[in-house]
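Residue numbers (my numbering): 65 to 231. Even glycine gets a Cβ: it sits at the ideal position worked out from N, Cα and C. Please read the structure below before turning to the comments.
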């Protein structure tokens with residue numbers, strides 16, 4: 065059955081309205097996601113500014129290889145700072161071809177630095193006491209088909225911690 069010209073016009077108008085409503089919904093979802101990301105970044109920066117002893121760890125992936133295009137290749141040395149209780153996405157680039165990248169999620173709980181494959185329960189960990197981290201700790205790491213090499217972590221020494229009142 066064919067629609068009359070008036071019915072066709074009405075159907076096109078309704079489709080245009082639905083398309084516009086979907087565009088508005090997507091724009092609002094994108095705005096909310098951006099706002100959430102901004103708030104999370106703001107909270108992380110606040111935590112960095114007000115870090116207490118033991119809340120931060122700095123790590124370097126050096127002498128490491130990433131799994132790129134089905135082969136192990138040298139990764140550009142990468143350093144990062146982790147705040148206790150926050151997860152960070154760390155992008156690792158192939159040393160000779162920076163367009164090839166792999167990503168890991170890193171987190172710190174006060175005694176463990178954990179690197180995980182995105183969207184999987186596959187992680188490698190560097191565990192150390194606060195005293196060990198103050199001196200610096202280096203460990204071999206292996207994350208199947210993502211990353212292998214050495215990771216060095218320590219606590220930053222040049223942070224001036226605010227004096228907190230004792231009760």
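Taking a contact to require three or more Cβ pairs closer than 8 Å, the segment 100 to 107 and the segment 121 to 137 do not qualify as touching. Judged by DSSP in its simplified three-state form, residue 156 adopts strand. Contact annotation: residue 121 and residue 177 have beta-carbon atoms nearer than 9 Å.
For the beta strand (DSSP E) assignment, the uninterrupted runs of no fewer than 3 residues enclosed by the segment 106 to 181 are, from N- to C-terminal side, 120 to 132, 135 to 138, 142 to 147, 151 to 158, 161 to 172 and 176 to 180.
Sorting 69, 78, 80 and 175 by C-alpha distance to the C-alpha of residue 118 places 175 at the top.
Contact annotation: residue 211 and residue 156 have beta-carbon atoms nearer than 9 Å. Between the alpha carbons of residue 198 and residue 218 lies a gap of roughly 6 Å. If you draw a 10 Å sphere on the C-beta of residue 213, you find 16 or more other C-beta atoms in it, and that means buried. Taken atom to atom, the span from the alpha-carbon of residue 70 to that of residue 88 is near 27 Å.
In this structure residue 159 does not touch residue 188 by the C-beta definition: roughly 20 Å separates them, more than the 8 Å allowed. With fewer than 16 neighbouring CB atoms inside 10 Å of its own CB, residue 97 falls in the exposed class.
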